[in-house]
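Here's the structure we're looking at; comments come further down.
As structure tokens, then:
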């Protein structure tokens with residue numbers, strides 16, 4: 254993990270230094286932006302994700318320090334720990350509880366969400382929304398969640414004292430290296446354009462990887478029990494049924510994504526370092542088969558992407574809403 258962290262941070266610093274001092278043409282600037290965006294996504298997948306889950310190291314101090322890499326990237330490790338660790342992991346793919354699948358009213362990715370006429374085209378325009386993910390984190394979502402004391406419909410404690418200082422300090426540090434420092438060496442419009450391209454690459458990469466594991470045809474989307482009742486599936490089965498692995502046999506994909514193509518393992522054992530996911534996935538798959546629980550896995554990134562697009566098309570059709578109601582009534 255330390256060697257991998259050094260490689261990813263070196264990629265990030267090298268890309269940033271190139272944009273700051275080495276760019277000579279528009280094409281080189283574009284290449285630098287793409288490289289920086291992918292490096293930032295890699296840090297998010299492999300470093301901050303494990304660290305914020307407490308799975309990077311056995312030492313809490315190491316996890317805490319490396320969890321701050323998310324703040325360096327412009328997010329908030331405090332808000333993320335509530336939104337992802339608690340709310341998403343507790344009820345993945347449950348509309349109303351899992352804010353990660355809430356792109357309403359622009360897109361419909363779960364059967365329980367309302368359908369709008371524009372959703373029939375969502376498999377075309379959703380990629381633009383994915384590209385805006387990082388910009389929303391940087392300037393809107395984290396501030397809104399802190400001020401409201403909630404993530405979507407779920408309540409979280411408002412940060413105070415040193416925690417609040419950490420949230421705001423992280424934002425200021427990001428604005429400093431991402432916008433202020435480059436503006437000392439380059440025209441503001443060029444800085445803004447490079448920020449937009451880098452953030453778009455970052456957003457599309459992060460959002461797509463999440464969606465390939467959850468918003469696909471093979472994943473289940475349990476609905477909220479009526480009257481505040483309990484879910485029909487126990488916690489572990491819920492995690493397996495709402496999550497889909499992909500490209501498990503591709504070591505390069507596994508390395509870059511920090512094992513997030515082994516989402517079933519991650520949801521069952523979020524505090525385990527992702528380097529162990531490939532070995533654990535086979536053990537878990539055998540156990541699931543033994544107990545009659547379906548373990549879902551796509552063969553490749555391409556197969557997972559095609560499944561995601563088919564799911565988007567299905568969720569954008571009026572007949573999909575009718576089918577969902579019919580199934581609910583029948584059950």
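Residue numbers (my numbering): 254 to 584. From the three backbone atoms N, C-alpha and C, an ideal C-beta is built for every residue, glycine too.
Bridge partners - residue i, DSSP secondary structure assignment
| i | result |
| --- | --- |
| residue 408 | 403 |
| residue 550 | 498 |
Cα-Cα separation between residue i and residue j, rounded to whole angstroms
| i | j | result |
| --- | --- | --- |
| residue 581 | residue 478 | Note that residue 581 scores a pLDDT of 38, beneath 50, so its modelled location is shaky and nothing firm can be said. |
| residue 542 | residue 441 | 57 angstroms |
| residue 498 | residue 439 | 43 angstroms |
| residue 260 | residue 552 | 27 angstroms |
| residue 315 | residue 254 | 12 angstroms |
| residue 566 | residue 368 | 12 angstroms |
| residue 469 | residue 274 | 42 angstroms |
Collapsed DSSP secondary structure at residue i in the structure displayed
| i | result |
| --- | --- |
| residue 441 | helix |
| residue 321 | coil |
| residue 451 | helix |
| residue 346 | coil |
| residue 458 | helix |
Where the alpha helix (DSSP H) containing residue i begins and where it ends
| i | result |
| --- | --- |
| residue 254 | Neither: residue 254 is in no alpha helix (DSSP H) and is coded neither H nor E. |
| residue 539 | 530 to 543 |
| residue 307 | No alpha helix (DSSP H) contains residue 307, which DSSP labels as neither H nor E. |
| residue 414 | 414 to 428 |
| residue 284 | 279 to 296 |
| residue 379 | 375 to 384 |
| residue 508 | 504 to 509 |
| residue 333 | 330 to 333 |
| residue 519 | 516 to 521 |
Residue from the options with nearest C-alpha to residue i
| i | options | result |
| --- | --- | --- |
| residue 332 | 540, 294, 403 | 403 |
| residue 466 | 383, 514, 442 | 514 |
| residue 373 | 537, 431, 358 | 358 |
| residue 561 | 301, 509, 507, 460 | 460 |
| residue 381 | 409, 279, 455, 421 | 455 |
| residue 521 | 491, 377, 504 | 491 |
| residue 528 | 545, 505, 546 | 505 |
| residue 377 | 564, 571, 572 | 564 |
| residue 524 | 334, 485, 507 | 334 |
| residue 379 | 398, 355, 392 | 355 |
Closer than 8 angstroms to chain D by CB, residue i
| i | result |
| --- | --- |
| residue 300 | Looking for chain D here will not work: only one protein chain is present. |
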